[in-house]
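Asks:
Numbering (our numbering), first residue to last: 3 to 115.
1. In the DSSP assignment, find the beta strand (DSSP E) that holds residue 84 and state where it starts and stops.
2. Rounded to whole angstroms, what is the Cα-Cα separation between residue 41 and residue 47?
3. Please tell me whether residue 26 and residue 32 are closer than 9 Å, where the distance is taken between their beta carbons.
4. Mind the definition here: the segment 62-69 touches the segment 96-110 only if three or more C-beta pairs lie below 8 Å; say whether that holds.
5. On the CB-based measure, 16 or more other CB atoms within 10 Å of its CB, does residue 37 come out buried or exposed?
6. What is the DSSP secondary structure of residue 77, counted as helix, strand or coil?
7. How far does the beta strand (DSSP E) with residue 11 in it extend, from its first residue to its last?
Written out as structure tokens, the structure reads:
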């Protein structure tokens, strides 16, 4: 019917391109990778963008040539009890994320021994 089936929302500032959100109306095999990685990499190359950050998480990114990087975010949690619980959890989460980044970086196709 010609209606859009999927989209990704990305931000660009100077020589940096940031992939953030995506969604689709139905399941299409590999569409996520096409919209969120391959098209954005082509866009970056065509426009001379030197940094492409595809968002947080996802070991599948390494298979597509994207190295793990630390991502910073800021959140406000209205409920004080939940805010305390999240704040108590964050130090251990930060250590786990750093360890995972190191682990994945060692297995990168770009890693030099």
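Heads up, the beta-carbon is just placed ideally off N, CA and C, and yes, glycines get one too.
Replies: Let me spell this out:
1. Walking along the chain shown from the start, residue 84 turns up at place 82. That residue, residue 84, is in no beta strand (DSSP E); its alpha helix (DSSP H) goes 82-108.
2. In the chain shown, the residue the question calls residue 41 occupies position 39. In the chain shown, the residue the question calls residue 47 occupies position 45. Taking the straight line from one Cα to the other gives about 10 Å.
3. The residue given as residue 26 occupies position 24 in the chain shown. The residue given as residue 32 occupies position 30 in the chain shown. No, they are not a contact pair.
4. yes
5. What you label residue 37 is simply residue 35 of the chain shown in a count that begins at 1. Counting Cβ neighbours within 10 Å, residue 37 comes out buried, since at least 16 surround it.
6. Here residue 77 corresponds to residue number 75 of the chain shown, with the count starting at 1. Three-state result, residue 77: coil.
7. Here the question's residue 11 lines up with position 9 in the chain shown. Looking at the DSSP string, the run of the beta strand (DSSP E) that includes residue 11 is 8-15.
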